[in-house]
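Read in order, the letters of the sequence shown are residues 378 to 608 in my numbering. Every residue, glycine too, gets a C-beta built ideally from N, C-alpha and C. Small disclaimer: the values here were computed from a predicted structure and weren't measured. Below is one structure, written out as structure tokens; the observations come after it.
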Amino acid sequence: MTTAVILLAAAGAVAAPTPTPAPTPSINILLARPDAGAPPRGDSLADVARRIKLKLPADRPRVINNEAVKQLSEGVELTMSAPAPGDAGGGVRGRESSEERKKSIWQQRYRAALDRVRRLETEVKELESRANRLEQEFYAHDDPVYRDGTIKPAWDKTLADLEKAKTDLADARKEPNDVLNAARRDGALPGWFRGLDEAPPPSDRASEPARPNPPAATPTAHRPDLVAPPS
378 MTTAVILLAA AGAVAAPTPT PAPTPSINIL LARPDAGAPP RGDSLADVAR RIKLKLPADR
438 PRVINNEAVK QLSEGVELTM SAPAPGDAGG GVRGRESSEE RKKSIWQQRY RAALDRVRRL
498 ETEVKELESR ANRLEQEFYA HDDPVYRDGT IKPAWDKTLA DLEKAKTDLA DARKEPNDVL
558 NAARRDGALP GWFRGLDEAP PPSDRASEPA RPNPPAATPT AHRPDLVAPP S
């Protein structure tokens, strides 16, 4: 009897083995889109959090409490990522494209001003040539009706057109420099206009005063060679 009691006491003195707890499954943090890049610079934490989802074990309840947050924070470091190289390059390309557009616009305006000068110079020369031809034709005809009714009106109109063309040309010669000054104020570089045709220098003939209008009627005796020989 004594022996049985001793054996039972020894068996009760032996501590029961402590059960080994099951390992807590790890919790991973993944981006909402596996192919998404780094968050753009300037995002707030709330913006970043909205793009993050938790990958929890399938056999564990999806409960977020203090213990779960503590597990999530272990080994996690918040960093700021630099912008992708492509973004910086896009900004540079955008600025270059804007500069090219501005350069093209000012070059077109400068060429248009030069073209107007050349066009008016050509017009002045043509009107001067026409006025000289009508003057010669006026004095070459001995028919007063044809002279005063046909040639003289055409001559008068040509002289008026010539005067206007010379005035327009004087104003047009100022336009190329005005365009250059406006372009420089807008940030244009001197090299933008290098190699373009420069406005030709003013011609002496264009600055001459207009010829006086012909007389209202020219008698035949005005030209000695047209006077009838004495009988």
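Query: Give me the Cβ distance between ARG478 and VAL556, rounded to the nearest whole Å; I'm assuming they're in contact under 8 Å.; Result: Contact flag wrong, Cβ pair sits at about 17 Å.
Query: Hey, LEU546 and LEU497 are a contact pair by Cβ (cut 8 Å); roughly how many whole angstroms apart?; Result: 4 Å
Query: How would you write the range of the alpha helix (DSSP H) that ARG561 sits in, first residue to last?; Result: 552-562
Query: Expressed to the nearest angstrom, what Euclidean distance is found between the alpha-carbon atoms of ALA560 and ASN509?; Result: 41 Å
Query: Ordered along the chain, which non-local residues of its own chain (more than five positions away) have a Cβ less than 6 Å from that of LYS480?; Result: TRP569
Query: Let's test the definition: count the other Cβ atoms within 10 Å of the Cβ of ILE482 and tell me whether it reaches 16, buried, or not, exposed.; Result: exposed
Query: Quick one: Cα of LYS543 to Cα of TYR523, how far?; Result: 29 Å
Query: Looking at ARG494: is its Cβ nearer than 8 Å to the Cβ of ALA531?; Result: Residue identity differs from the one stated: residue 494 is Val in this sequence, not Arg. No; because the gap between Cβ atoms is not below 8 Å, this pair is not in contact.
Query: Quick one: give me the first and last residue of the alpha helix (DSSP H) that ALA547 is part of.; Result: 529-549
Query: Where does ASP492 sit, in a helix, a strand or coil, going by DSSP?; Result: helix
Query: By DSSP, does LEU566 sit in helix, in strand, or in coil?; Result: coil
Query: In its own chain, which residues sit with a C-beta less than 6 Å from the C-beta of ALA565, not counting the 5 before and 5 after it?; Result: TRP483
Query: Express the C-alpha separation of ASP525 and ASP519 in angstroms, rounding to a whole number.; Result: 11 Å
Query: By Cβ distance below 8 Å, which residues in the same chain neighbour GLU552 in space, the five residues on each side in sequence not counted?; Result: ALA490, ARG493, VAL494
Query: Who are the Cβ neighbours of ASN554 in its own chain at under 6 Å, not counting the five residues just before and after it?; Result: none
Query: Where does LEU504 sit, in a helix, a strand or coil, going by DSSP?; Result: helix
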